[in-house]
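Following our numbering, the numbering of the first sequence begins with 1 at its first residue and continues without gaps. One structure is given below, encoded as structure tokens.
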Amino acid sequence: MSKNLVIVESPAKAKTIEGFLGKDYTVKSSFGHVRDLSKDGLGVDVLSDFKPNYIISQDKKKIVSELKKMASAADIVWLASDEDREGEAISWHLIQALEIDEKKTRRIVFHEITKDAILNAIKNPRLLDKNLVDAQQARRVLDRLVGFELSPVLWRKVKPSLSAGRVQSVAVRLISEREKEIENFNIISSYKVVGDFIVNRDSKDYLLHAELNKKFEGSKEAESFLKKCVNASFSISNVETKPSKKSPSPPFTTSTLQQEASRKLGFSVAKTMLVAQQLYESGKITYMRTDSFNLSDMALTTAKNEIIASFGNEYQQTRKYTTKVKGAQEAHEAIRPTYISKHAIDGDVYQKRLYEMIWKRTIASQMSDALIEKTNVNIAVSTASEEFVAKGEVIKFDGFLKVYIESTDDDNEENGKGTLPEVFKGDTLNMQEISAIERFTLHPPRYTEATLVKKLEELGIGRPSTYAPTISTIQKRGYVVLGNREGKERSYSIYTLKNNKITSNNKTEIYGYEKAKLFPTDIGNLVNMFLMEHFSDILDYNFTASVEKEFDEIADGHKIWNNMIKEFYAPFKEKVKDIQKNSEKVSGEKLLGIEPESGKNVYVKLGRFGPVIQIGETDDVNKPRFAGLMKNQSMETITLSEALELFKLPRKVGIYQDKEIVATIGKFGPYLKFDNSFYSLPKADSPFTVTIERAIEVIIEKLEKDSKKLIKEFTENADVKVLNGRWGAYIAIGKENYKIPKDKNPEKLSLEECLKIAEQPKKPGKKVFRKGKK
DNA sequence: CAGTGAGCGAGCTTCCGCTTGACTT
1 MSKNLVIVES PAKAKTIEGF LGKDYTVKSS FGHVRDLSKD GLGVDVLSDF KPNYIISQDK
61 KKIVSELKKM ASAADIVWLA SDEDREGEAI SWHLIQALEI DEKKTRRIVF HEITKDAILN
121 AIKNPRLLDK NLVDAQQARR VLDRLVGFEL SPVLWRKVKP SLSAGRVQSV AVRLISEREK
181 EIENFNIISS YKVVGDFIVN RDSKDYLLHA ELNKKFEGSK EAESFLKKCV NASFSISNVE
241 TKPSKKSPSP PFTTSTLQQE ASRKLGFSVA KTMLVAQQLY ESGKITYMRT DSFNLSDMAL
301 TTAKNEIIAS FGNEYQQTRK YTTKVKGAQE AHEAIRPTYI SKHAIDGDVY QKRLYEMIWK
361 RTIASQMSDA LIEKTNVNIA VSTASEEFVA KGEVIKFDGF LKVYIESTDD DNEENGKGTL
421 PEVFKGDTLN MQEISAIERF TLHPPRYTEA TLVKKLEELG IGRPSTYAPT ISTIQKRGYV
481 VLGNREGKER SYSIYTLKNN KITSNNKTEI YGYEKAKLFP TDIGNLVNMF LMEHFSDILD
541 YNFTASVEKE FDEIADGHKI WNNMIKEFYA PFKEKVKDIQ KNSEKVSGEK LLGIEPESGK
601 NVYVKLGRFG PVIQIGETDD VNKPRFAGLM KNQSMETITL SEALELFKLP RKVGIYQDKE
661 IVATIGKFGP YLKFDNSFYS LPKADSPFTV TIERAIEVII EKLEKDSKKL IKEFTENADV
721 KVLNGRWGAY IAIGKENYKI PKDKNPEKLS LEECLKIAEQ PKKPGKKVFR KGKK
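Right, here's the structure in full:
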């Protein structure tokens, strides 16, 4: 047993570091936190100074007992968890959980995984910072109290199994409020005017495309401007050229990596983290959960050499970036290739693409500015005061753009790319065509996973390790869904002046198509409304920032953590008690109108099983009638007539083979019921309108498909069947399924062979996550 | 696999941040 035990947080890190240290050092990993608050009740004794009740996490018992053994055998235990609040707490918890004599421990920290950094750390151990640990305890206890006090309020007042928390509830609020903004958004149209002009130089014609520096509110104004242009002359009134430059972005952090992978590669936030983890574990990139822009000196040097060798001296510029992010803890480096000299890697296509992006971004961050010349050409109209402006952009020196172009979230900039023909003040122009085109204002964009992460980071809410899980939580709770919006058609007018004639046209365009955006659900909106009404202080966008400030004071030793929690908890708990006692259950009930036949009220509300329409009163002798909303409907937007439609189901479609076909909607969407069997309706068909002919078609199709399902069965044993499934042939015995080996022909299998295959131990396959309940 | 919405009220759900591994459809 070696004399020195070093404990780090991540096993991949442990492996690397062990190589740097001699054989006197054993390096192990704790796999993150090893203890957490008990889930039995609050896990915090609110009556005795908020004493936390820590227990060793279930999945850490094995590693803790192993570490404990090694620690007691070692002379010195080096606590090398990350240098941030959580890392300090991990070290402290290790001392407690491993029951090590604190005198036997040394606390060391390093920000980069290089031999120098590690050896230097070993030479400069420090004491455990108990104040920082207390700041972490305050953070942990606060989150527990907020989460475990608020969630039960929701169970009673809204719906069981819901949840609330400092981070997730703000995420839901952002999405819910954005949707309201979009609903209330007024689309305003205006006319933008563009013109094509010809410049003649050295008996050659050049095209100059320009936009008027004014937009017109209505078609009248736009048309009258065009009229003025009919007999006007056009000349260059000004040419302005000014140099400008673009600088590269800093290297990736977790959140910028997620954003850029979403835009450039179309990865979900979870996918990005999964692939990054693979790259990290195979030693190809540095740690992927970081909020730091920092690059190690070694990385700076290799990047420098790499750029000079590949592109030349003039492309290289060493840069150090500092963070602007609220509450950044900077325990790690930025995300970069471990070996910058490696331009590409082996791996699957996702790994290759993500690596390439990281490599380019890292290299670009150490390259020189791009020098750009921007030109504005003004074109005067002899009969009007407005001017046309043509914008051009010429890259004089590409600098970092040689390697990396960052993408943006809004992609509606068109003007100002490319070269302009050479023109001079006073040149006269030949007008070809001027158009006034009706354009519309855009509502604020819905959040994508990645733009939500960006927003949360700006607000200082959540950490690199929690962005992806938070997004998954708010979807699991049913607060938000990832969805698409079909584009809608609208017409716009366009007036064109050509050959001294003004013509007008109506054209149509598709607008508002959106893909993979976050939409709030009815439950999400309702919960947000409820929390905003009663706990707006916790949902405040600045709540995290203000408690972070207090955590900092605790870390600095200016505040006692229990006191801070006490100040927060007393009024908070009062409020919780008050709401539990006095507040009504909320269902978001809304009167939609009156059913014409019965004169009864039609309500929409959130029922036990989701949004529902209710006709009649709950306390009436005649019980009310209910119908659930369809998946694409929402409580916010459903109309009375749509609501009444829902009661037309189940609908008798007609008779087929003397039996009735009924169309309705179930748990899994619209379906047909016929002869005690179920037939899912394809998306294009509606249970309200499907005809008997079409229904029969659907039924026959399904029956045909089913008949192909059975490949073989055995008279001797009815339990055993060879079936055709989604992934090809398989053997079904009772309720168990078995894979058929590739060298066997499914159609020629005998009963004995089937049973033999079933005997074989099943191969371990990939674990598939199952969504939803149970 | 697929209609639920009245209501005995058992016993359950839930937070944020660290970190990976997983044994059956």
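Note that beta-carbon positions come from the ideal geometry of N, C-alpha and C, so glycine has one too. This one's a predicted model, so the numbers in the text were calculated from it and none came from an experiment.
Can we count residue i as close to the ligand SAH, meaning its CB is less than 6 Å from some heavy atom?
{"i": "residue 372", "result": "The model depicted lacks the ligand SAH and carries no ligand whatsoever."}
Counting C-beta neighbours from all protein chains within 10 Å, is the total for residue i 16 or more, i.e. buried, or is it exposed?
{"i": "residue 558", "result": "exposed"}
{"i": "residue 580", "result": "exposed"}
{"i": "residue 13", "result": "buried"}
{"i": "residue 427", "result": "buried"}
{"i": "residue 201", "result": "exposed"}
{"i": "residue 429", "result": "buried"}
{"i": "residue 395", "result": "exposed"}
{"i": "residue 621", "result": "exposed"}
{"i": "residue 186", "result": "exposed"}
{"i": "residue 463", "result": "buried"}
{"i": "residue 195", "result": "buried"}
{"i": "residue 675", "result": "exposed"}
{"i": "residue 109", "result": "buried"}
What's the gap between the Cα of residue i and the Cα of residue j?
{"i": "residue 392", "j": "residue 374", "result": "6 Å"}
{"i": "residue 223", "j": "residue 439", "result": "15 Å"}
{"i": "residue 199", "j": "residue 273", "result": "53 Å"}
{"i": "residue 697", "j": "residue 679", "result": "11 Å"}
{"i": "residue 44", "j": "residue 149", "result": "12 Å"}
{"i": "residue 10", "j": "residue 85", "result": "16 Å"}
{"i": "residue 695", "j": "residue 677", "result": "13 Å"}
{"i": "residue 546", "j": "residue 277", "result": "32 Å"}
{"i": "residue 128", "j": "residue 99", "result": "15 Å"}
{"i": "residue 598", "j": "residue 617", "result": "12 Å"}
{"i": "residue 59", "j": "residue 301", "result": "41 Å"}
{"i": "residue 456", "j": "residue 420", "result": "41 Å"}
Anyone know if the C-beta pair for residue i and residue j falls short of 7 Å?
{"i": "residue 730", "j": "residue 757", "result": "no"}
{"i": "residue 710", "j": "residue 640", "result": "no"}
{"i": "residue 520", "j": "residue 176", "result": "yes"}
{"i": "residue 157", "j": "residue 585", "result": "yes"}
{"i": "residue 88", "j": "residue 133", "result": "yes"}
{"i": "residue 381", "j": "residue 390", "result": "no"}
{"i": "residue 232", "j": "residue 383", "result": "yes"}
{"i": "residue 191", "j": "residue 570", "result": "no"}
{"i": "residue 665", "j": "residue 643", "result": "no"}
{"i": "residue 166", "j": "residue 146", "result": "yes"}
{"i": "residue 55", "j": "residue 97", "result": "no"}
Can you tell me which of the options puts its alpha carbon nearest to the alpha carbon of residue i?
{"i": "residue 583", "options": "128, 154, 24 and 74", "result": "154"}
{"i": "residue 249", "options": "498, 585, 369 and 327", "result": "369"}
{"i": "residue 533", "options": "548, 505, 513 and 575", "result": "575"}
{"i": "residue 423", "options": "613, 237 and 605", "result": "237"}
{"i": "residue 475", "options": "164, 217, 15 and 607", "result": "164"}
{"i": "residue 683", "options": "677, 692, 672 and 676", "result": "672"}
{"i": "residue 131", "options": "485, 354, 49 and 553", "result": "553"}
{"i": "residue 38", "options": "31, 47 and 51", "result": "51"}
{"i": "residue 329", "options": "573, 243, 82 and 658", "result": "82"}
{"i": "residue 173", "options": "480, 629 and 633", "result": "480"}
{"i": "residue 256", "options": "327, 454 and 286", "result": "454"}
{"i": "residue 399", "options": "64, 460, 366 and 431", "result": "366"}
{"i": "residue 716", "options": "34, 448, 181 and 754", "result": "754"}
{"i": "residue 295", "options": "587, 21, 361 and 15", "result": "361"}
{"i": "residue 227", "options": "526, 566, 501 and 723", "result": "501"}
{"i": "residue 46", "options": "594, 331 and 563", "result": "563"}
{"i": "residue 337", "options": "359, 658 and 229", "result": "359"}
{"i": "residue 314", "options": "321, 323, 207 and 304", "result": "304"}
Terminal residues of the continuous alpha helix (DSSP H) containing residue i?
{"i": "residue 657", "result": "Careful: residue 657 lies outside any alpha helix (DSSP H) and carries neither H nor E."}
{"i": "residue 4", "result": "No alpha helix (DSSP H) contains residue 4, which is instead part of the beta strand (DSSP E) from 4 to 8."}
{"i": "residue 341", "result": "Counting along the chain, residue 341 falls outside any alpha helix (DSSP H), and DSSP gives it neither H nor E."}
{"i": "residue 290", "result": "Note, residue 290: premise wrong, no alpha helix (DSSP H); not H, not E."}
{"i": "residue 578", "result": "561 to 582"}
Locate the beta strand (DSSP E) running through residue i, then write down its first and last residues.
{"i": "residue 213", "result": "Run containing residue 213: none; DSSP gives neither H nor E here."}
{"i": "residue 614", "result": "610 to 615"}
{"i": "residue 680", "result": "677 to 680"}
{"i": "residue 804", "result": "Residue 804 cannot be examined here, being either before or after the span of the chain that is shown, 1 to 774."}
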